[in-house]
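Before any comments, here is the structure.
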Amino acid sequence: MAIMGEVWTNIGSAVASLVFIYTIFERFFPYQLRKNFEPLVQRFINLFYPYIQIKFFEYSGERFEQNDCKLKIVSNYLSKDSSSRTKKLRANTSKGSKSIVLSMDDHEEITDEFKGVKVWWQSKKHHTDSRSFSYFPKTEESRFYILKFHVRDRQIITNRYLDHIRKEGKKMEVKNRERKLYLNNPSQNWSGYNQTKWSHVTFEHPGTFDTLAMENEKKEEIKNDLTKFSNSQDYYKRIGKAWKRGYLLHGPPGTGKSTMVAAMANFLDYDVYDLELTTVKDNTELRRLLIETSGKSIIVIEDIDCSLDLTACGGERIIVFTTNFIDKLDPALIRKGRMDKHIEMSYCGFEAFKVLAMNYLYAEEQEHEAKETCLKRLIVALKEEKEEAKKRVEEEEKKKEKEKDIKRKRRDDQREKKEDI
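In case it helps, UniProt numbering puts the sequence shown at residues 1 to 421.
Written out as structure tokens, the structure reads:
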């Protein structure tokens, strides 16, 4: 005990001496000398400090050059855990976002794990005096995140974890964004101040694969194909092709082609570009339109012409062509490579008919009795409608026959009058 007491006494004396020396050094030595000396002290401390820190700043370089992209990606990534694991939260609403995103408030900390490696995230705020001349000087604030991890985990963090943050952060951004429906403007309206080639509104179509009147096997096939495409960036890069896929929706009018497009967009969380070809003069204008489309989008084209060049658009895009008469299309248009998948939108079969019944008569699909009742009610309604239509046709026929009789009688009367004369 005496030895431990002596050790603590010596440690206390050493700490007190260091504090005294640091106070003297800070008070009596010029700022420039202190500035040159501090890095040496930091290097000495780093020799014994087993952790590495990475800072993600809100601003980079010049004071007005905002580094929103990196900070937003990190904030989006951490939002999935912040809402449930911190007591102080910051509510963020940004332009184009469909919901409020909760993130860590200043001076909060959470832990994260990746491949068995534990890391710590801290949210900080930095205060700096404004450099601009003003009679009322003000202090500017910039936020930043600190990622802290053990030195032994340097390779897995720098090589894999940071890429994981980027991918997951972008996924969260796509999930939270407000999706758009774009319509192309006529080329004569492209010039002038604040004029764009595309106008947009919020995309709020309720169509999903659950409510789409189609056989379940066919719907699952399409969903699997879409999922495979969305996860195939490395594949397209490896084979040297643009990351895009073409779908041809063909079938009679009123069979759900537009609803299919909406279901695809809602399934992938993609924007939709409705390209009206009647306003496009030539391939040059078409290329300019396609260049301005964004990734994670579906480009819808009706009555496509095989002479049009569709190679100008970038990656992660789905091009959907719709037609009512596939037989009238040029074979060069529907070949593999331009049209990767053909989807026939035909009239309802029995399975699709049941989906329609569930949608319109509000019967739960899990309940067999409700399903049967639903179908029976719908079949009865269809029979009644058929009988009504038959009665209307019969009445029309009777009316026509009656009119014919009246005309025939008039002609007979006129003939008799002529004969009497």
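Glycine included, C-beta positions come from ideal geometry on N, C-alpha and C.
Remember, it's a predicted structure, so these values are computed and weren't measured experimentally.
Counting only runs that start and end inside the stretch 337-361, the alpha helix (DSSP H) elements of at least 4 residues fall at 350-361. The beta carbon of L249 is closer than 8 Å to those of K257, M260, V261, V320, F321, T322, T323, I343, M345 in its chain, skipping five residues each way along the sequence.
Short of 6 Å from the beta carbon of Y182, and not among the five residues preceding or following it, lie these beta carbons of its own chain, in chain order: W198, H200, Y273.
N76 is not a Cβ neighbour of E221, given a cutoff of 8 Å. As the crow flies, the alpha-carbon of G251 is around 24 Å from that of T227. Going by beta carbons, I110 and K124 fall outside the 8 Å limit. Here N184 is not near L102, since their CB atoms are 8 Å or more apart.
Spatial neighbours of P253 in its own chain (CB-CB distance under 7 Å, excluding positions within 5 residues in sequence) are listed in chain order as N324.
Per DSSP, the unbroken beta strand (DSSP E) holding F114 starts and ends at 109-114. In the three-state reduction of the DSSP assignment, E217 falls in the helix class. Per DSSP, the unbroken beta strand (DSSP E) holding T323 starts and ends at 317-323. Here DSSP, grouped into helix, strand and coil, assigns T284 to helix.
For K87, no alpha helix (DSSP H) run applies, since DSSP gives it neither H nor E. Separation of the CB atoms of Y360 and I318 is rounded to 29 Å, and the pair is thereby denied contact status at 8 Å. The alpha carbon of K244 has as its nearest neighbour, out of F203, K328, T293, the alpha carbon of T293. Here T86 has M104, E108, I110 as same chain residues with Cβ atoms under 7 Å from its own Cβ, once five neighbours each way along the sequence are excluded. With a contact defined as Cβ atoms closer than 8 Å, L78 and F56 miss out at about 10 Å.
Annotation: the continuous alpha helix (DSSP H) that includes G169 extends over 162-176. K125 is bridged by DSSP to R143. Short of 7 Å from the beta carbon of I239, and not among the five residues preceding or following it, lies no beta carbon of its own chain.
Taking 8 Å as the cut-off, the beta carbon of E217 is found no closer than this to the beta carbon of T202.
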